[in-house]
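Residue numbers (our numbering): 10 to 255.
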């Protein structure tokens, strides 16, 4: 992937991996647009990072996804990179009835949103130079952590979807890339923590972004980062050992 001179849209860009990508791509001379649902965070980021563009949008809402695409077409028609990063991670106890609203929240955010948004952008990207779609999945796409089953299932589905998306677009100039993080020290999963300011644990965000950017520069289409490499390599053979820790 060419890492400079792009106009990049990043969903879920107000914290964690999305914000780290935004900051890094700005450093490399790209125009970066981030979305998020919290206007106060968007405003603070726009003040802190000169030149970054912000757009309030809820990626679980189909109408807002369509409005976002139209807004991008109108205001930043040179946009050539979409990073589907917005995600939510919830714990779920399958020994008792689940709350369907929580299930839909994860599925709509992690799966339906990026599938729909990517499909809306494809016609536009076909007319751009160096067009790229990056889907952020997870090492848990290969080995699920059983206490958050829907999150892991959505990431496995996005891994499968990305393979199909890449295949269907193979005869176009659109490059489809999967970035699969390991556990990264962000606020992801704060729903299950009593202290909402506590971070996720895992590798430092700076370590993740360094390796992820290197993979993009090298042209990796399926970039499993850090410990996600082991999860991809070993797959279901270590499922029991992995989950015995929780």
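Using N, Cα and C, we set each Cβ at its ideal position, and we do this for glycine too.
Secondary structure at residue 257, three-state DSSP: helix, strand or coil?
Given a span of 10 to 255 for the chain in the structure shown, any question on residue 257 remains unanswerable.
Q) Are residue 115 and residue 163 touching if we call contact CB-CB under 8 Å? A) For the purposes of this step, residue 115 is identified with residue 106 of the chain shown, where counting begins at 1. For the purposes of this step, residue 163 is identified with residue 154 of the chain shown, where counting begins at 1. Taking 8 Å as the Cβ cut-off, residue 115 and residue 163 qualify as a contacting pair.
**Prompt:** Rounded to a whole number of angstroms, what is the C-alpha to C-alpha distance between residue 141 and residue 252?
**Reply:** Position 132 of the chain shown, counted from the start, is the residue given in the question as residue 141. Position 243 of the chain shown, counted from the start, is the residue given in the question as residue 252. Their backbone Cα atoms lie some 35 Å apart in a straight line.
**Item:** Inter-residue Cα distance where the pair is residue 198 and residue 73
**Value:** Numbered from 1 along the chain shown, position 189 holds the residue referred to as residue 198. Numbered from 1 along the chain shown, position 64 holds the residue referred to as residue 73. Any reading at residue 198 must be qualified, since the residue scores a pLDDT of 44, below 50, and its modelled position is unreliable; no value is offered.
Classify residue 144 as buried or exposed, calling it buried when 16 or more other Cβ atoms lie within 10 Å of its own Cβ. For this step, residue 144 is matched to residue 135 along the chain shown. Buried, because 16 or more other Cβ atoms sit within 10 Å of the Cβ of residue 144.
**Item:** C-beta neighbour in chain D for residue 229, strict 8 Å
**Value:** Reference to chain D is not applicable here, since this structure consists of a single protein chain.
- prompt: I think residue 266 touches residue 23, with their Cβ atoms under 8 Å apart; what is that distance to the nearest whole Å?
  reply: Outside the modelled stretch of the chain, which goes from 10 to 255, sits residue 266, for which no answer is possible.
How big is the Cα-Cα spacing for residue 158 and residue 101?
Along the chain shown, one-based indexing puts residue 158 at 149. Along the chain shown, one-based indexing puts residue 101 at 92. If you draw a straight line from the Cα of residue 158 to the Cα of residue 101, it is about 7 Å long.
Using CA coordinates, which residue listed in 146, 244, 224 and 190 is at the minimum distance from residue 235? As a working mapping, residue 235 is identified with position 226 in the chain shown. Minimum Cα distance to residue 235 is reached at 190.
Checklist entry - In whole angstroms, what is the alpha-carbon distance linking residue 97 and residue 41? => result As a working mapping, residue 97 is identified with position 88 in the chain shown. As a working mapping, residue 41 is identified with position 32 in the chain shown. Distance between the alpha carbons of residue 97 and residue 41: 22 Å.
| Cα-Cα separation, residue 202 to residue 149 | Residue mapping note: residue 202 aligns to position 193 of the chain shown, counting from 1. Residue mapping note: residue 149 aligns to position 140 of the chain shown, counting from 1. Because residue 202 sits at a pLDDT of 37, beneath the cut-off of 50, its placement in the model cannot be relied upon, and the following sentence gives the value as read from the coordinates. Taking the straight line from one Cα to the other gives about 19 Å.
Discussion item. Can you tell me which residues form a DSSP beta bridge with residue 65?
Written reply: One-based indexing of the chain shown puts residue 65 at position 56. According to DSSP, which records beta bridges pairwise, residue 65 is partnered with 45.
- [ ] Can you check DSSP and say which residues form a bridge with residue 35?
- [x] Position 26 of the chain shown, counting from 1, holds the residue named residue 35. In DSSP, residue 35 forms no bridge with anything.
*For the alpha helix (DSSP H) containing residue 75, list its first residue and its last residue.*
As a position in the chain shown, residue 75 is number 66, starting the count at 1. Here the alpha helix (DSSP H) through residue 75 covers 71 to 84.
Item to check | Neighbour-count burial assignment, residue 39, 16 or more Cβ in a 10 Å radius | outcome: Reading the chain shown from its first residue, position 30 is the one you call residue 39. Classification for residue 39: buried.
message = So, with DSSP's three-state summary, where would you put residue 93?
response = Position 84 of the chain shown holds residue 93. Looking at residue 93 - three-state DSSP - the assignment turns out to be strand.
Using the C-alpha atoms, what's the distance from residue 176 back to residue 160? Stepping through the chain shown from its first residue, residue 160 is reached at position 151. Stepping through the chain shown from its first residue, residue 176 is reached at position 167. Answer to the nearest angstrom: the Cα atoms are 24 Å apart.
With H, G and I counted as helix, E and B as strand and the rest as coil, what does DSSP make of residue 13?
Working through the chain shown from its first residue, we reach residue 13 at position 4. Here residue 13 sits in coil by DSSP.
Tell whether a beta-carbon distance below 8 Å holds between residue 214 and residue 27. Counting from one through the chain shown, the residue named residue 214 turns up at place 205. Counting from one through the chain shown, the residue named residue 27 turns up at place 18. No.
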